[in-house]
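Trainee:
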Amino acid sequence: MNQTKFLAVAGLALIALLIMSGTVYTIDEREKAVVVRFGQVIRYDDAPGIHVKTPFLETVKVYDARILTMDADPQPFLTKEKKSVIVDSYVKWRIVDLLKYYVSVGGDEQKAKDRLAQLINSGLRDEFGKRNLRDVVSGDRRKIMEILSANTDKEAGEYGIEVVDVRIQRVDLPAEVSQSVYRRMEAERARIAKELRAQGAEEAEKIRANAERQREVLLAEAYRDAERLRGEGDARATATYGRAFGANPEFYSLYRSLNAYKESFKDKDDILIVDPSADFFRYFKNPRR
Numbered sequence: 001m002n003q004t005k006f007l008a009v010a011g012l013a014l015i016a017l018l019i020m021s022g023t024v025y026t027i028d029e030r031e032k033a034v035v036v037r038f039g040q041v042i043r044y045d046d047a048p049g050i051h052v053k054t055p056f057l058e059t060v061k062v063y064d065a066r067i068l069t070m071d072a073d074p075q076p077f078l079t080k081e082k083k084s085v086i087v088d089s090y091v092k093w094r095i096v097d098l099l100k101y102y103v104s105v106g107g108d109e110q111k112a113k114d115r116l117a118q119l120i121n122s123g124l125r126d127e128f129g130k131r132n133l134r135d136v137v138s139g140d141r142r143k144i145m146e147i148l149s150a151n152t153d154k155e156a157g158e159y160g161i162e163v164v165d166v167r168i169q170r171v172d173l174p175a176e177v178s179q180s181v182y183r184r185m186e187a188e189r190a191r192i193a194k195e196l197r198a199q200g201a202e203e204a205e206k207i208r209a210n211a212e213r214q215r216e217v218l219l220a221e222a223y224r225d226a227e228r229l230r231g232e233g234d235a236r237a238t239a240t241y242g243r244a245f246g247a248n249p250e251f252y253s254l255y256r257s258l259n260a261y262k263e264s265f266k267d268k269d270d271i272l273i274v275d276p277s278a279d280f281f282r283y284f285k286n287p288r289r
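Sequential numbering from 1 applies to the sequence shown in the UniProt record's numbering.
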């Protein structure tokens, strides 16, 4: 009997526990929750904390209320000049109206991402189609992101979603176009390098020619100055000799004769044929004269 009562009490306790577990639910500060009964939304604005629902009849669906990130798959777009580019982007978004979010996409996060991807791709197609390649790569990139963020946020409002930010991560050319561009860039760099080398060689030749010209000028000026100084020295020497020998003509005559003897007899094998009575030998015959 006691065992039967124990089993009955245990069974009732278990049933009560199951009912309690299906009655109480908790909402975290980082979450939003929808209470649904037979497919109809009963509540969607519960504050964070512990709440009660009707067990077995009501279902609680919890969603992340934080800012979420959707990385869009890279997509091709055409610029104003019909050049194809591959764009990689991402979106920062969050749920702000849970009822709209639940009704429009059924609370399915993947469906919400698909809707956002459609909005982003449509916006990118419009904005890239208005601009040339240079603008979408660098010039207007920030402006495009600002326009996309504003327009996408406005359109995503009907899904209960706020678009916090839209970012373009990369803008690439298709592989075949990239190779063509790289080849043109390489050819352009080679052409510029060739021009610079030619300019450098021309400049070097000018510098060498100028240096050679300056060298010739300096040598000519140095030779001219040397000749002038030599002439001035010779003139001064001649004047000095003239003054010295003019004071004693006989000594000057002797000096010249001695130099003549020195030059005439400096080689042992030299033979002179001179008349002994010539004036050349006058100091041999009469040294006191």
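The C-beta atom is built at its ideal place from N, Cα and C for all residues, glycine as well.
Bear in mind the structure is a predicted one, so any value in this text is a computation, not a measurement.
#1: Since residue 75 sits in a beta bridge, which residues does DSSP pair it with?
#2: Between residue 142 and residue 212, what straight-line distance do the alpha-carbon atoms span, to the nearest angstrom?
#3: Which class does residue 64 belong to by DSSP, given the choice of helix, strand or coil?
#4: For residue 192, is the classification buried or exposed, using 16 other Cβ atoms within 10 angstroms of its Cβ as the cut-off for buried?
#5: Do you know how far the Cα of residue 225 is from the Cα of residue 195?
#6: Do residue 166 and residue 149 have their CB atoms nearer than 8 Å?
#7: What is the DSSP secondary structure of residue 96, counted as helix, strand or coil?
#8: Report the residue from 209, 51 and 101 whose alpha carbon sits nearest the alpha carbon of residue 23.
#9: Do residue 171 and residue 87 have their beta-carbon atoms positioned less than 8 Å apart in this structure?
#10: Distance, Cα to Cα, residue 144 vs residue 204?
#11: Whole-angstrom Cβ separation of residue 60 and residue 96, contact assumed at under 8 Å?
#12: What does DSSP give as the partner residue(s) for residue 31 in the beta ladder?
#13: If you draw a straight line from the alpha carbon of residue 214 to that of residue 79, how long is it in whole angstroms?
#14: What's the C-alpha gap between residue 77 and residue 46?
#15: Should residue 81 and residue 121 be called a contact, given that it needs their Cβ atoms to be closer than 8 Å?
#16: Quick one: measure Cβ to Cβ for residue 101 and residue 159, integer angstroms, because I've assumed they're closer than 8 Å.
#17: List, from N- to C-terminal side, the beta strand (DSSP E) runs of 3 residues or more that fit wholly inside the stretch 153-194.
#18: If you run the structure through DSSP and keep just helix, strand and coil, what is residue 129?
#19: Decide if residue 89 is buried, meaning its Cβ has at least 16 other Cβ atoms within 10 Å, or exposed.
#20: Under 7 Å Cβ to Cβ from residue 29, same chain only, skipping five residues before and after it: list those, please.
#21: Quick one: is residue 38 buried, meaning 16 or more other Cβ sit within 10 Å of its Cβ, or exposed?
#22: Give a yes or no on whether the C-beta atoms belonging to residue 65 and residue 94 are separated by under 8 Å.
#23: Among 83, 41 and 71, which has the Cα closest to the Cα of residue 175?
Mentor: Reading it off the structure:
#1: One-based indexing of the sequence shown puts residue 75 at position 75. Answer is 87, bridged to residue 75.
#2: Walking along the sequence shown from the start, residue 142 turns up at place 142. Walking along the sequence shown from the start, residue 212 turns up at place 212. When rounded, the distance between both Cα atoms is 58 Å.
#3: As a working note, residue 64 is residue 64 in the sequence shown. Of the three classes helix, strand and coil, the one that applies to residue 64 here is strand, per DSSP.
#4: Locating residue 192 in the sequence shown gives position 192, counting from the first residue. The residue in question, residue 192, is exposed, as its Cβ has fewer than 16 Cβ neighbours within 10 Å.
#5: One-based indexing of the sequence shown puts residue 195 at position 195. One-based indexing of the sequence shown puts residue 225 at position 225. Using only the alpha carbons, I get a separation of about 44 Å.
#6: Here residue 166 refers to the residue found at position 166 when the sequence shown is read from its first residue. Here residue 149 refers to the residue found at position 149 when the sequence shown is read from its first residue. Against a cut-off of 8 Å, the Cβ pair of residue 149 and residue 166 comes out as a contact.
#7: Counting from one through the sequence shown, the residue named residue 96 turns up at place 96. Residue 96 falls in the coil class under three-state DSSP.
#8: Counting from one through the sequence shown, the residue named residue 23 turns up at place 23. Of 209, 51 and 101, the residue nearest in Cα terms is 51.
#9: Sequence index remark: in the sequence shown, residue 87 carries index 87 (1-based). Sequence index remark: in the sequence shown, residue 171 carries index 171 (1-based). Yes. Within cutoff.
#10: What you label residue 144 is simply residue 144 of the sequence shown in a count that begins at 1. What you label residue 204 is simply residue 204 of the sequence shown in a count that begins at 1. Cα to Cα, the separation comes out at about 50 Å.
#11: If you number the sequence shown from 1, residue 60 lands on position 60. If you number the sequence shown from 1, residue 96 lands on position 96. Residue 60 to residue 96, Cβ: 20 Å. No contact.
#12: Here residue 31 is taken as the residue at index 31 of the sequence shown, counted from 1. Paired residue(s): 64.
#13: In the sequence shown, the residue the question calls residue 214 occupies position 214. In the sequence shown, the residue the question calls residue 79 occupies position 79. Each residue's alpha carbon lies about 60 Å from the other.
#14: Translated into positions along the sequence shown, residue 77 becomes position 77. Translated into positions along the sequence shown, residue 46 becomes position 46. Going by the C-alpha atoms only, they are around 43 Å apart.
#15: Translated into positions along the sequence shown, residue 81 becomes position 81. Translated into positions along the sequence shown, residue 121 becomes position 121. Not closer than 8 Å, so no.
#16: Taking the first residue of the sequence shown as 1, we reach residue 101 at position 101. Taking the first residue of the sequence shown as 1, we reach residue 159 at position 159. So it is a contact: roughly 6 Å between Cβ atoms.
#17: 161-172
#18: What you label residue 129 is simply residue 129 of the sequence shown in a count that begins at 1. Looking at residue 129 - three-state DSSP - the assignment turns out to be helix.
#19: As a first step, residue 89 must be located in the sequence shown, where it is residue number 89. Flag for residue 89 reads buried.
#20: For the purposes of this step, residue 29 is identified with residue 29 of the sequence shown, where counting begins at 1. 48.
#21: Translated into positions along the sequence shown, residue 38 becomes position 38. So residue 38 counts as exposed.
#22: What you label residue 65 is simply residue 65 of the sequence shown in a count that begins at 1. What you label residue 94 is simply residue 94 of the sequence shown in a count that begins at 1. Result yes, Cβ atoms of residue 65 and residue 94 sit closer than 8 Å.
#23: Translated into positions along the sequence shown, residue 175 becomes position 175. For residue 175, the nearest C-alpha among the options comes from 83.
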